[in-house]
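All remarks here apply to the structure that follows.
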Amino acid sequence: MRKPLAAAFLALAIAGAGAAPATAAGVAPTGAGKAADTGPAASVVSDVVASVGQTLSGPARPSAGAVTFAGTVALSNCSGSVVRMPDSESDDPALVMTNGHCLESGFPAPGQVLVDRSSSRTFSLLNASGSRVATLRAAKLAYGTMTDTDVALYQLTTTYGRIKSSYGIDALTLNDAHPVAGTAISIPSGYWKRIYSCSIDGFVPTLKEGGWTWKDSVRYTSACTTIGGTSGSPVVDQATNRVVAVNNTGNEDGERCTVNNPCEVDADGDVTVRQGINYAQQTYGIPACIGIDSKLDLSASGCTLPKP
């Protein structure tokens with residue numbers, strides 16, 4: 006997981022762009038993944054410094070598969086996207102997806118699941134070129150957890166149809182089928198306005214980081230060098246433009262199963278550490294849990310999201 010960017014920027018401002026602070030305190034950890042996430046102690050400093058340089062040089066233009074920034078959002082500490090289910094209607098309340106470790110309240114504890122919590126969080130909505138076109142506001146946190154997966158869903162005060170009619174932007178659709186190894190993907194970060202492209206290298210039965218455990222995680226090929234602040238970015242299938250996962254972590258220092266250094270655990274319990282490799286959490290199971298009017302129903306048939 007990555008440290009919160011706000012804290013990292015503050016440290017940079019105090020120490021100067023040439024010096025990288027060792028920790029970023031005072032914000033929830035930036036969770037597994039890459040973004041200005043919040044959470045327990047993390048060392049995203051070098052990533053933040055690199056990111057600052059990339060941002061100053063201007064947003065990267067959309068790459069393979071015509072994946073753009075349209076529908077992505079920037080949070081105060083992470084990235085995210087406006088997402089719809091395959092059967093969502095235009096008058097349904099819109100949803101924003103990001104990581105559980107990006108919550109404004111900090112990291113959920115292992116085993117903790119948050120449902121229908123009050124929130125008025127704001128999100129900067131981006132167009133295809135990465136320019137902010139609107140500020141969206143949450144009506145509530147519909148769901149958030151770091152158990153088995155690392156995801157948060159905010160219900161907005163507006164609908165998919167209003168976003169489309171007002172700003173000409175469609176929500177990104179969540180695919181409801183398990184992704185396939187070798188699939189070409191792009192990861193548009195609303196926070197950094199940068200798009201990473203690579204392929205799905207494979208799937209990890211158990212991914213452990215600190216006290217958290219995630220199941221059936223997506224592992225990227227090495228070309229997706231996501232950084233702090235990209236946490237919560239949608240992982241988009243370049244062939245279909247559908248979302249197959251949510252970006253959430255990477256092994257920074259080669260450590261074994263520590264915060265910001267997730268390790269892979271296979272079915273036999275053998276541990277593998279892949280320094281510099283990054284991961285995401287699959288999202289194909291979410292549509293089964295979202296019913297009419299974007300209502301969360303954890304008891305629905307086929308819904309496998311962890312329950313409170």
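Here the sequence shown is numbered in our numbering, starting from 6 and rising by one per residue. No residue lacks a Cβ here, since even glycine has one placed at the ideal position from N, Cα and C.
Could you tell me if residue i is buried or exposed, where buried requires 16 or more neighbouring beta carbons within 10 angstroms of its beta carbon?
{"i": "I312", "result": "The sequence as given places Lys at residue 312; Ile does not occur at that position. So K312 ends up on the exposed side."}
{"i": "V78", "result": "buried"}
{"i": "D153", "result": "buried"}
{"i": "I297", "result": "exposed"}
{"i": "P91", "result": "exposed"}
{"i": "R261", "result": "exposed"}
{"i": "V240", "result": "buried"}
{"i": "A143", "result": "buried"}
In its own chain, which residues sit with a C-beta less than 8 Å from the C-beta of residue i, not counting the 5 before and 5 after it?
{"i": "H183", "result": "Q287 and Y289"}
{"i": "A133", "result": "P67, T73, F74 and A75"}
Locate the beta strand (DSSP E) running through residue i, then write down its first and last residues.
{"i": "I168", "result": "Segment Y165 to Y172 is the alpha helix (DSSP H) holding I168; no beta strand (DSSP E) there."}
{"i": "T235", "result": "First-last for T235: undefined, no H or E at that position."}
{"i": "N253", "result": "V248 to G255"}
{"i": "R137", "result": "R137 to T150"}
{"i": "S129", "result": "T127 to L131"}
Just to confirm, is the Cβ distance from residue i to residue j under 7 Å?
{"i": "N104", "j": "N265", "result": "no"}
{"i": "T277", "j": "E269", "result": "yes"}
{"i": "V249", "j": "N180", "result": "yes"}
{"i": "G85", "j": "V101", "result": "yes"}
{"i": "A189", "j": "Q243", "result": "yes"}
{"i": "Y196", "j": "A99", "result": "no"}
{"i": "T235", "j": "S194", "result": "yes"}
{"i": "T178", "j": "Y201", "result": "no"}
Excluding five sequence neighbours on each side, which residues of the same chain lie with their C-beta closer than 7 Å to the C-beta of residue i?
{"i": "D121", "result": "K145 and A147"}
{"i": "N256", "result": "N266, P267, V278, R279, Q280, G281 and I282"}
Kindly list the residues whose CB is nearer than 6 Å to the CB of residue i, restricted to its own chain and excluding five residues on each side of it in sequence; keep chain order.
{"i": "R224", "result": "D206, G207, V209 and Y284"}
{"i": "L141", "result": "F128, L130 and L161"}
{"i": "C308", "result": "A293 and C294"}
Across which residues does DSSP place residue i in a beta bridge pair?
{"i": "L177", "result": "V88"}
{"i": "W314", "result": "Absent from the model: residue 314. The displayed extent of the chain is 6 to 313, so no value can be given."}
{"i": "K213", "result": "T218 and C268"}
{"i": "N283", "result": "G255"}
Does residue i get closer than 7 Å to chain C when you measure Cβ to Cβ?
{"i": "G237", "result": "In summary, chain C is missing from the structure at hand, where a single protein chain is found."}
Under 6 Å: does the beta carbon of residue i sit that close to some heavy atom of the ligand NAD?
{"i": "A143", "result": "Absence of the ligand NAD from the depicted structure is noted, as is the absence of any ligand whatsoever, leaving it without description."}
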